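Below you'll find the structure, written out as structure tokens, and then a few comments.
Number of protein chains: 6
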Amino acid sequence: MATLGLIEYKDASPEVRAVYDDIMATRKVDWINNFWKALAHDPATLKRTWEDIKQIMAPGALDPLTKELVYVAISVSNQCNYCIASHTAGARKKGMTDAMFKELMAVVGMANETNRLSAGYQIEIDEQFKG
Amino acid sequence: MATLGLIEYKDASPEVRAVYDDIMATRKVDWINNFWKALAHDPATLKRTWEDIKQIMAPGALDPLTKELVYVAISVSNQCNYCIASHTAGARKKGMTDAMFKELMAVVGMANETNRLSAGYQIEIDEQFKG
Amino acid sequence: MATLGLIEYKDASPEVRAVYDDIMATRKVDWINNFWKALAHDPATLKRTWEDIKQIMAPGALDPLTKELVYVAISVSNQCNYCIASHTAGARKKGMTDAMFKELMAVVGMANETNRLSAGYQIEIDEQFKG
Amino acid sequence: MATLGLIEYKDASPEVRAVYDDIMATRKVDWINNFWKALAHDPATLKRTWEDIKQIMAPGALDPLTKELVYVAISVSNQCNYCIASHTAGARKKGMTDAMFKELMAVVGMANETNRLSAGYQIEIDEQFKG
Amino acid sequence: MATLGLIEYKDASPEVRAVYDDIMATRKVDWINNFWKALAHDPATLKRTWEDIKQIMAPGALDPLTKELVYVAISVSNQCNYCIASHTAGARKKGMTDAMFKELMAVVGMANETNRLSAGYQIEIDEQFKG
Amino acid sequence: MATLGLIEYKDASPEVRAVYDDIMATRKVDWINNFWKALAHDPATLKRTWEDIKQIMAPGALDPLTKELVYVAISVSNQCNYCIASHTAGARKKGMTDAMFKELMAVVGMANETNRLSAGYQIEIDEQFKG
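Below, the structure is given as structure tokens:
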């Protein structure tokens, strides 16, 4: 189980509850997932992490689904099991279809493959790719 | 320099030239970047890798720009300098603006951060996220 | 379960028991954790790994708690679940408080984030940072 | 060179200059390193990243040198060359001696080794290490 | 459980069954492991991945056991639990003895250690090692 | 350049020279590569690392070339440029042909790809693969 345990809403301080409330309101959900309940042991990190994610994942030059797909891709590449599960669910909620998921996995696999071929062959950067 | 050197078009076998030609035709460019010139030492790998990439990066449920953004994201996460340079250039050609690049980097950074927070706090997967 | 199974003290060879005894004496504990019981299938690796750890983790220019915090940090960054669990327990035993743990996780997360921002923006090393 | 180039102080917007000023004041230096000059293309990320680092790296339950040593350790483990150079310099400024650096590297190497031994032997977490 | 579930032979399309049949014939086994049953949701990826593996893992300048040992080594280094379990089993089937496994793990651990020492000490490539 | 500089044979202490001599004798070479010259700033780590490598890389159940191929594979997977250059040279010296190198790279690329497909599809370990 989580190192420090999980802090449920009913047991949370007003400071933590305010973050929980904002997470639920922003995401239009009525529950808090374990990641935040664990971080709640460190209210400063809870607040900072949530506010950073809220800012970064908001619609901008990239739409929220694209950002979530990238999040899944990185989590898969890093073998972070919790993150894969939570962000795959999050991406589905934002509109990721099975077809998108499957293409995403193919790209992640391919990129990890060619990243190693490039390194192993000790390939130098083409002049055309420099600044 | 590349471990086995680079094979230029003029020195390439017909088998390798056929791949080079297809790369240039598919990408609408008139040159071949070093990655392929190095892989050309292994024609089977050259052909397989190019055909895989061509299949995977083609338009589908995800558009080509989204796929290229994911490719950049993985390359950055893996610290593959050649891949970062080449795929950043590739993404720009497919329409990545400066604003998109900057948001992409923010997501990649954030995902790498929370991937570690999840692991470090030993967080269990919520029932809601399970298949 | 462990690939080769676990070798309990009562079933261990004198060579393995000698390492087990030294681990328990050095760490002032009365049990052996699974890592060593698995490595015991390879007595040379068991002995070498234990002696390396004993040398490296001993007090020196860095105190044992600082070294253990670094060990936790690397294990978290690498998503090694066994190592996170065992070294978090080890760090607590050496004096890591909840407050230290939480700050440590924040640093690990942050470093993983900026490591990717540096790579993605293809930042060159400042002259001032060169040897 | 950096993907988007570097923004020097004289060319920076008031918003960016405010961050630059705070970095120099906080760190008691009279120059800005390339990391920040590159991030300055994205003022929101520049500001957020700096404020996060300032908060996270401040003295707390862990002293600033310990935090910086962890930052170096993660950067080394991730093979981030820019980060290794900049944070090694940063750690020296905060008091890291040659002896500390050498012990730190030994711990980072050892942790990366045993992280793989644990995974490869498929070792299960001991009951004693669970929550 | 697997994100999209597993496709059993009896429920598979003729296209998928053809791949399953080839896997069983090539490997001389009478069952299909979960990796392929999950990929079967994406028949193009199933077919491409199987054909790539079949080509790459076939006898060549390197024998099949050596290739499988490398596969185990990478999976261990990447902390991919499914891959460690499946490829360790695969390597045993191809002739990996306990003694080989133990030496392999020692090399993987050592390489991960010195990879970090090299990075941390910021060591430049010797002229003798260049091209 | 290397963080602490390089220690040449003529400037080395007797303790360091003894290691240098053993490296040259064991490897049948008449020079020392930068890795060891950098580690020489930490004689205990120099000695321990060399003795570990000497033990681990010696002929055993696996032959020295197979071990060196695994070392190259891990270094490539980890994007360690120094290690890729030095161990590729080392593997050639032990008999790695161009054909072997190319097949090795293909396996490393493939393993990195399927490691991510396994993680992304959240595939559970088959009963048949369990201990």
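In order, the protein sequence lines correspond to chains A, U, Y, S, P and X. Take the first sequence: its letter number 59 is residue 58 in numbering that gives the first Met the number 0, and every next letter is one higher. Take the second sequence: its letter number 27 is residue 26 in numbering that gives the first Met the number 0, and every next letter is one higher. Take the third sequence: its letter number 83 is residue 82 in numbering that gives the first Met the number 0, and every next letter is one higher. Take the fourth sequence: its letter number 51 is residue 50 in numbering that gives the first Met the number 0, and every next letter is one higher. Take the fifth sequence: its letter number 37 is residue 36 in numbering that gives the first Met the number 0, and every next letter is one higher. Take the sixth sequence: its letter number 11 is residue 10 in numbering that gives the first Met the number 0, and every next letter is one higher. From the three backbone atoms N, C-alpha and C, an ideal C-beta is built for every residue, glycine too. Since the structure is predicted, the reported quantities are computational estimates derived from the model, not experimental observations.
Within 10 angstroms of its Cβ, does U/Ser85 collect 16 or more other Cβ (buried), or is it exposed? Numbered from 1 along the second sequence, position 86 holds the residue referred to as residue 85 of chain U. Buried, because 16 or more other Cβ atoms sit within 10 Å of the Cβ of U/Ser85.
Worksheet item: What does a CB cutoff of less than 6 Å around U/Met95 pick up in its chain, not counting 5 residues either side in sequence?
Response: Indexing the second sequence from 1 puts residue 95 of chain U at position 96. So the list is empty, once near-sequence residues are dropped.
**Prompt:** From X/Leu116 to S/Ala24, what distance separates their C-alpha atoms?
**Reply:** Numbered from its first residue, the sixth sequence carries residue 116 of chain X at position 117. Numbered from its first residue, the fourth sequence carries residue 24 of chain S at position 25. Between X/Leu116 and S/Ala24, the C-alpha separation is close to 47 Å.
By how many angstroms is the C-alpha of Y/Leu38 removed from the C-alpha of U/Ile122?
Mapped onto the second sequence, residue 122 of chain U falls at position 123. Mapped onto the third sequence, residue 38 of chain Y falls at position 39. Rounded to the nearest angstrom, the two C-alpha atoms are 27 Å apart.
Between the segment 94-110 of chain Y and the segment 41-57 of chain A, can you find at least three pairs of beta-carbon atoms closer than 8 Å?
yes
(Q) Are the CB atoms of U/Leu64 and U/Ala98 within a distance shorter than 8 Å? (A) Here the question's residue 98 of chain U lines up with position 99 in the second sequence. Here the question's residue 64 of chain U lines up with position 65 in the second sequence. In this structure, U/Leu64 does not lie closer than 8 Å to U/Ala98 by Cβ.
- Query: Excluding sequence positions up to five away, which residues of its chain have a Cβ less than 8 Å from the Cβ of S/Thr2?
  - Reply: Here the question's residue 2 of chain S lines up with position 3 in the fourth sequence. Contacts found: Ala37.
request  = Can you grab the Cα-Cα spacing for the pair A/Asp62 / A/Asn77, in whole Å?
outcome  = In the first sequence, counting from the first residue as 1, residue 62 of chain A sits at position 63. In the first sequence, counting from the first residue as 1, residue 77 of chain A sits at position 78. Cα to Cα, A/Asp62 sits roughly 23 Å from A/Asn77.
Out of X/Glu7, X/Met56, X/Ala43, which has the shortest C-alpha to C-alpha gap to X/Arg26?
One-based indexing of the sixth sequence puts residue 26 of chain X at position 27. Nearest of X/Glu7, X/Met56, X/Ala43 to X/Arg26, Cα basis: X/Met56.
Could you check whether the Cβ of P/Leu64 sits closer than 8 Å to any Cβ belonging to chain S?
Within the fifth sequence, numbered from 1, the residue matching residue 64 of chain P stands at position 65. No, no contact with chain S.
As assigned by DSSP and simplified to three states, the class of A/Leu61: By 1-based counting over the first sequence, the position of residue 61 of chain A is 62. Coil.
Please compile the residues from chain X whose C-beta is within a distance smaller than 8 Å of the C-beta of P/Gly94.
If you number the fifth sequence from 1, residue 94 of chain P lands on position 95. Chain X residues near P/Gly94: none, gap ~11 Å exceeds 8 Å.
Would you give the residue range spanned by the alpha helix (DSSP H) that P/Leu116 belongs to?
For the purposes of this step, residue 116 of chain P is taken as residue 117 along the fifth sequence, with counting starting at 1. Its alpha helix (DSSP H) spans residues 97-119.
Can you tell me whether X/Trp30 is helix, strand or coil according to DSSP?
What you label residue 30 of chain X is simply residue 31 of the sixth sequence in a count that begins at 1. Coil.
Worksheet item: Along chain Y, which residues have their Cβ under 8 Å away from the Cβ of X/Asp51?
Response: On the sixth sequence, position 52 is the one that residue 51 of chain X refers to. Correct list: Arg47, Asp51.
Nearest chain P C-beta to S/Tyr70 closer than 8 Å, yes or no? Counting from 1 along the fourth sequence, the entry for residue 70 of chain S is found at position 71. Not closer than 8 Å to any Cβ of chain P, the Cβ of S/Tyr70 fails to qualify, so no.
Check your understanding: From A/Asn111 to A/Lys53, what distance separates their C-alpha atoms?
Key -> Translated into the one-based positions of the first sequence, residue 111 of chain A becomes position 112. Translated into the one-based positions of the first sequence, residue 53 of chain A becomes position 54. Rounded to whole angstroms, A/Asn111 to A/Lys53 spans 28 Å at the Cα level.
Item checked: Segment limits, alpha helix (DSSP H) that includes P/Ala84 -> By one-based count along the fifth sequence, residue 84 of chain P stands at place 85. Run containing P/Ala84: 80-92, per the alpha helix (DSSP H) assignment.
Extent of the continuous alpha helix (DSSP H) run through X/Leu45: Within the sixth sequence, residue 45 of chain X is the residue found at index 46, counting from 1. 42-55 is the extent of the alpha helix (DSSP H) around X/Leu45.
key: Rounded straight-line distance, which links the Cα of U/Ala11 to that of U/Pro42   = Position 43 of the second sequence, counting from 1, holds the residue named residue 42 of chain U. Position 12 of the second sequence, counting from 1, holds the residue named residue 11 of chain U. Their Cα atoms are separated by approximately 10 Å.
Check: Is the shortest distance between the beta-carbon of A/Lys36 and the beta-carbons of chain P less than 8 Å?
Finding: What you label residue 36 of chain A is simply residue 37 of the first sequence in a count that begins at 1. Output row for A/Lys36: interface = no.
* Pick from S/Glu126, S/Asn114, S/Cys82, S/Thr113: whose alpha carbon is nearest that of Y/Met132? -> A query on residue 132 of chain Y cannot be resolved here, the shown segment of chain Y reaching from 0 to 130 and no further.
Between X/Ala39 and chain Y, is the shortest Cβ-Cβ distance under 8 Å, so that the two count as touching?
In the sixth sequence, counting from the first residue as 1, residue 39 of chain X sits at position 40. No, because no Cβ of chain Y sits closer than 8 Å to the Cβ of X/Ala39.
Between the C-alpha atoms of X/Leu68 and S/Thr113, what's the straight-line distance to the nearest angstrom?
-> The residue given as residue 68 of chain X occupies position 69 in the sixth sequence. The residue given as residue 113 of chain S occupies position 114 in the fourth sequence. When rounded, the distance between both Cα atoms is 20 Å.
Between the segment 86-118 of chain U and chain A, which residues of the former have a C-beta closer than 7 Å to a C-beta of the latter? Ala88, Thr96, Ala98, Met99, Glu102, Leu103, Ala105, Val106, Val107, Met109, Ala110, Asn111, Thr113, Asn114, Leu116, Ser117, Ala118
Item to check | Per-residue contacts from Y/Tyr120 into chain U (C-beta, under 8 Å) | outcome: Within the third sequence, numbered from 1, the residue matching residue 120 of chain Y stands at position 121. Under the 8 Å cutoff, chain U gives Met104.
Report task. Take X/Asn32 as the anchor and find which of X/His40, X/Thr44, X/Tyr19 has the nearest alpha-carbon. Result -> Stepping through the sixth sequence from its first residue, residue 32 of chain X is reached at position 33. Answer by Cα proximity: X/Tyr19.
message = Please list, in chain order, the chain X residues whose beta carbon lies closer than 8 Å to that of Y/Ala43.
response = For the purposes of this step, residue 43 of chain Y is taken as the residue at position 44 of the third sequence. Residues of chain X passing the Cβ test: Gln54.
**Asked** Is the Cβ of S/Tyr8 closer than 8 Å to any Cβ of chain Y?
**Response** What you label residue 8 of chain S is simply residue 9 of the fourth sequence in a count that begins at 1. Chain Y contact via Cβ: absent.
Handout entry: Rounded distance between the beta-carbons of S/Ala72 and Y/Ala72, thought under 8 Å
Key = Position 73 of the third sequence holds residue 72 of chain Y. Position 73 of the fourth sequence holds residue 72 of chain S. Confirmed, about 6 Å.
- Can Y/Val75 and U/Gly59 be called in contact, C-beta distance under 8 Å? The sequence position of residue 75 of chain Y within the third sequence is 76, counting from 1. The sequence position of residue 59 of chain U within the second sequence is 60, counting from 1. Cβ distance not < 8 Å, so Y/Val75 and U/Gly59 don't count as in contact.
| message | What does the alpha-carbon distance come out to for the pair S/Ala92 and X/Gln127? | response | In the fourth sequence, counting from the first residue as 1, residue 92 of chain S sits at position 93. In the sixth sequence, counting from the first residue as 1, residue 127 of chain X sits at position 128. Ala is not the amino acid found at residue 92 of chain S; the sequence shown has Lys there. Whole-angstrom Cα-Cα distance: 55 Å.
Please confirm if X/Gln127 has its CB atom under 8 Å from at least one CB of chain A.
Against the sixth sequence, residue 127 of chain X aligns to sequence position 128. By this cut-off, X/Gln127 is not an interface position.
- prompt: What is the DSSP secondary structure of S/Ser74, reduced to helix, strand or coil?
  reply: Along the fourth sequence, read from residue 1 onward, the residue named residue 74 of chain S stands at position 75. Correct three-state label for S/Ser74: helix.
task: Return no unless some Cβ of chain S is closer than 8 Å to the Cβ of P/Ile124.
output: Position 125 of the fifth sequence, counting from 1, holds the residue named residue 124 of chain P. Output row for P/Ile124: interface = no.
**Q.** Listed by chain order, chain U residues near A/Ala11 by CB distance under 8 Å
**A.** Within the first sequence, residue 11 of chain A is the residue found at index 12, counting from 1. Neighbours of A/Ala11 on chain U: none; closest Cβ ~16 Å, over 8 Å.
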